[in-house]
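According to numbering that gives the first Met the number 0, the sequence shown is numbered sequentially starting from 0.
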Amino acid sequence: MLKQRVITAIVLLAVLLGTLLAPGPWPLVALFTLAAACALWEWLRLTWPRPGGAFPAVLAIVAAAGLLALARQWLAPEPGAWALDLRSLLNRWLMPAVALAWVAGATAMVVRGQAARKAHGAWLSAFGVLAVVAVWAALVQLFLMHGAWFLVSLLALIWFADIAAYFTGKALGRHKLAPRVSPGKTWEGAFGGLLAAAAWVMATAWWPGSFGAVLSGRWPWWGVLAVAIFLAALSIVGDLFESLLKRRAGVKDSSQLLPGHGGVYDRIDALLPVAPIALLLSGVPL
């Protein structure tokens, strides 16, 4: 299992690196779209009130086609008016609404930890559609505005938070963070993750083109620190929220698309709440 997990991780990193270094934006946009479609399919399989049907797959395919059509316009030399209007609508309304849902709604569900409840499946499915569209739109726009290094430095915030939380929790963990949702996570691990993410963002604030540098151009140093801690905390919420959905559905992984890693949603659960808010905080075209 470990060998399979390592091989899959290497392949995923190679694919991501290849698309980031490609001469044009389409390879990365296509990767984002494929990941969004897979994650949406997996999310709906966990929440859709009537499990086992074809609706999650059909909706994921339709969503992917729509996102590709929108990306074609955004990447065109002269985008259509409807595409620009839709971008404005997404940035003015969808991003703040999804951000609020993550900060207030998802966090409240994780804190309550009602893993045995299976109510509100339709609402959670609707939220899944909006959350996946928002993360796709945020990632595409962040890449087009700031480039590959910005995107990597933002992803590294999540990676540092996750890795540091794991090792700090293993070494020092005593107090359970959300025992009814994810018994392995501890408060000590979470604090370790927050510190590591904050250190990464502050250290890269002097590196031109990074997420930290863009933030430092808009916020004082203490604001950059607060944003880093806030986003790292939200990455933990995203992880715990998916754990809650899986416990409600009675499954270990969102799917088996990625050998040794589960599903695509399992790999990007922490990114879903972070990317839209990172777009809002780093400057968003309206």
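Heads up, the beta-carbon is just placed ideally off N, CA and C, and yes, glycines get one too.
Among the options, the one whose alpha carbon lies nearest that of residue i
| i | options | result |
| --- | --- | --- |
| Q140 | A107, W158, G120 and R71 | R71 |
| A274 | L74, A35 and G168 | A35 |
| A98 | A137, G120 and T32 | A137 |
| I60 | L43, L194, W81 and I6 | L43 |
| R165 | V102, F229, G282 and L194 | This sequence places Tyr at residue 165; Arg is not what is there. For Y165, the nearest C-alpha among the options comes from L194. |
| T106 | V131, S234 and L58 | S234 |
| A63 | L256, H145, L30 and G146 | L30 |
| S124 | Q255, G262, E241 and D252 | E241 |
| A5 | L239, S209, W92 and L257 | A quick correction: the sequence has Val, not Ala, at residue 5. With distances taken between Cα atoms, V5 lies closest to L257. |
| G192 | W206, I162 and P207 | I162 |
Sequence-distant residues of the same chain with beta carbon closer than 7 Å to residue i, five excluded per side
| i | result |
| --- | --- |
| V223 | V200, M201, A204, G211, L214 and S215 |
Where residue i falls, given that 16 or more other Cβ within 10 Å makes a residue buried
| i | result |
| --- | --- |
| L83 | exposed |
| L88 | exposed |
| R111 | exposed |
| L12 | exposed |
| R266 | buried |
| G65 | exposed |
| E77 | exposed |
| G52 | exposed |
| L16 | exposed |
Cβ shell of residue i (< 8 Å), same chain only, five flanking positions each side left out
| i | result |
| --- | --- |
| A114 | R179, V180, L243, R246 and R247 |
| G104 | F126 |
Supposed close pair residue i, residue j - CB separation, criterion 8 Å
| i | j | result |
| --- | --- | --- |
| A177 | K184 | 6 Å |
| L280 | V226 | 6 Å |
| V109 | A38 | Contact doesn't hold; Cβ gap of about 19 Å is too wide. |
Inter-residue Cα distance where the pair is residue i and residue j
| i | j | result |
| --- | --- | --- |
| A231 | L153 | 10 Å |
| G188 | P272 | 20 Å |
| W81 | P95 | 21 Å |
| V57 | G261 | 21 Å |
| A155 | V134 | 16 Å |
| R217 | F54 | 43 Å |
| R173 | W101 | 27 Å |
Residues of its chain near residue i, where Cβ-Cβ distance is below 6 Å and the 5 sequence neighbours each way are ignored
| i | result |
| --- | --- |
| V10 | none |
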